[in-house]
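As given, the protein sequences belong to chains G and Z, one line each in that order. Here the first sequence is numbered in my numbering, starting from 1 and rising by one per residue. Here the second sequence is numbered in my numbering, starting from 226 and rising by one per residue.
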Amino acid sequence: MDHVEARKSKAVERYLLGELSEEESEEFELHFFDCKDCEEELRVGALFAENARAVFAEGYAPRSWWSSFQETWAGAWRRPALGVPSFAALLLVAVSVYQNGVEIPSLRRQAAVATSPQLTAIATLKGLSRGAESDERTIGVPKAASSLVIQFDVTADPLPSRIRCDVVNSAGSVVSSSVVPVPANGTVPLSVSTRVVGPGSWVLVVRDATSGNEISRYPFRYRIS
Amino acid sequence: MSQEVFTPDYLDRLRAADPETERHFVRYFSSLMRLKLRGMIRSPQVAEDVCQETFMRIFRILRSERGIESPDRLPAFVHTVCRNVALEHLRALGRHPQIPENAPDVSSGPVDFDASLVNEERKQVIRQVLGELNYRDQQILRMIYLEEVDKLQVCSYFRVKPDHLRLLLHRAKNRFRKVLEREGA
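So this is what it looks like as structure tokens:
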């Protein structure tokens, strides 16, 4: 047996595991009596075997990675010198994982949405005249639409320079509010995100941004078309 | 390798009982013989006796008329003499058992030719190496080294191929060597 053959046949490991036949053992022994590399491999293997046997005999029990982890860290929390930096490091890792896994991808998606053309629904609303009960208009909005543009005429005289637009749900809560300038022709195109409004009944309440006086109400029903 | 170490001059010095050459010879072949004998003989004392007897016979043969002529044949020659002496000892032990029946079972203890093989630093390295292995591989090594379960049974129990045992041993051994070298243990 030469060295190439010994390596190829994994003779060292097979010899250590007692897998070689008597004849093969004899051949390999004749080889390692004359081969420093194989002798060294065997010597390390014998050291490993004897010390492993001793460690197991002393009661070393195989452990899963989880129990090793628990054992390593269980006591650490009780020692501030190790526990505090470790906790800080874990917190940093958790924040980093959250940012990289959740926050940054979400911001990237939002940035992509903001810079690419989006489907929008447009509807023109008429204001309720004073004393009218209801004049709710149904607006069909495509499911994929990212926003709804509501056009309405500001009927005040004189026209206020700025108005506050509150979108109110059927429970009477304001879900969106913004102050916008009023164009000279009095027609305001107001964009509302479909993340804010959805199917159901809504009212757009328009007030003078300066005085806070209500100018008009624009009820509408949102429906997925 | 034998051509580099065992030259005709080396052989002449051995025949002439040069102390330095004899010391080198004994040191060189002692570790080899121990590696060979650990698979054959469990008792450290018997193994030591086999080594001593082997060296005595070799020196006697070298200095006799029938001494070996080719120095590069020395390793094979030592191996053959060692095997013969070991077999003689085993036969003698079979005829006259030296271990009383009520003596502690030597097979349950470590097979240790040389107490210096096992020490605390090396055991610490072993614990580290074992800790890096997965649970199944730790169990496999425990079965092989402590419980001395038959390898085929181990393979069957854990549903692994014999190649896995060799690979596991190879990797664990190499890791052990690396950590030992790094820590100088």
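We put the CB at the ideal spot given by N, CA and C, even for glycine. Fair warning: this is a prediction, and the values are worked out from it, not measured in the lab.
So residue 386(Z) contacts chain G; which residues on that side make the cut at Cβ distance below 8 Å? Chain G residues near residue 386(Z): none, gap ~13 Å exceeds 8 Å.
Which chain Z residues sit within Cβ distance under 8 Å of residue 18(G)? 264 and 376
Going by DSSP, what residue range makes up the beta strand (DSSP E) through residue 219(G)? 214-224
Proximity of residue 226(G) and residue 148(G) at Cβ, strictly below 7 Å: Chain G is shown only over 1 to 225; residue 226(G) falls outside these bounds and no answer can be derived.
Cα-Cα separation between residue 277(Z) and residue 368(Z), rounded to whole angstroms: 34 Å
What does residue 2(G) reach in chain Z if we use C-beta pairs closer than 7 Å? Correct list: empty, because the minimum Cβ distance to chain Z is about 12 Å.
Residue 259(Z) versus residue 404(Z) - alpha carbon distance: 24 Å
Counting only Cβ-Cβ distances shorter than 7 Å, please list the residues of the region 392-410 of chain Z near chain G, keeping chain order. 394, 395, 397, 398, 401 and 402
Express the C-alpha separation of residue 47(G) and residue 55(G) in angstroms, rounding to a whole number. 12 Å
Residue 174(G) classed as buried or exposed, judged by whether at least 16 other C-beta atoms fall within 10 angstroms: exposed
Give me the Cα-Cα distance between residue 286(Z) and residue 4(G), rounded to the nearest whole angstrom. 33 Å
Which one of 201(G), 198(G), 205(G) and 185(G) has the shortest CA to CA distance from residue 179(G)? 205(G)
Neighbour list for residue 301(Z) in chain G, Cβ cutoff strictly below 9 Å: 30, 33 and 34
Do residue 239(Z) and residue 232(Z) have their beta-carbon atoms positioned less than 7 Å apart in this structure? no
To the nearest whole angstrom, what separates the beta carbons of residue 28(G) and residue 1(G), a pair I think is in contact under 8 Å? 6 Å
Quick one: list the residues of chain G neighbouring residue 364(Z), beta-carbon separation under 9 Å, in chain order. 62
Alpha helix (DSSP H) segment containing residue 279(Z), residue limits: Where residue 279(Z) is concerned, the enclosing alpha helix (DSSP H) starts and stops at 269-287.
On the CB-based measure, 16 or more other CB atoms within 10 Å of its CB, does residue 95(G) come out buried or exposed? exposed
Shorter than 7 Å from the beta carbon of residue 370(Z) to some beta carbon of chain G? yes
Can you tell me whether residue 17(G) is buried or exposed? The criterion is at least 16 other CB atoms within 10 Å of its CB, across all chains shown. By the 10 Å Cβ count, residue 17(G) comes out buried.
Is there at least one Cβ from chain G nearer than 7 Å to residue 257(Z)'s Cβ? At a cut-off of 7 Å, the C-beta of residue 257(Z) has a neighbouring C-beta in chain G.
Do we get a CB-CB distance below 7 Å when we pair residue 342(Z) with the residues of chain G? yes
Should residue 198(G) be flagged as near chain Z, meaning a C-beta pair shorter than 7 Å? no
Within 10 angstroms of the Cβ of residue 362(Z), are there 16 or more other Cβ atoms? Answer buried if so, exposed if not. buried
Per DSSP, residue 200(G) is paired with what? Answer by DSSP bridge pairing, in chain order: 222(G).
Would residue 360(Z) count as contacting chain G if we go by Cβ distances under 7 Å? Chain G, which has a Cβ nearer than 7 Å to the Cβ of residue 360(Z), makes this yes.
Once DSSP output is grouped into helix, strand and coil, what is the label at residue 55(G)? Reduced to three states, the DSSP call for residue 55(G) is helix.
For residue 51(G), tell me which candidate among 355(Z), 392(Z) and 254(Z) has the shortest Cα-Cα distance. Per the Cα distances, 355(Z).
At a cut of 8 Å, does the region 107-127 of chain G reach the region 161-168 of chain G through at least three beta carbon pairs? no
With distances taken between CB atoms, is the gap from residue 49(G) to residue 31(G) smaller than 7 Å? no
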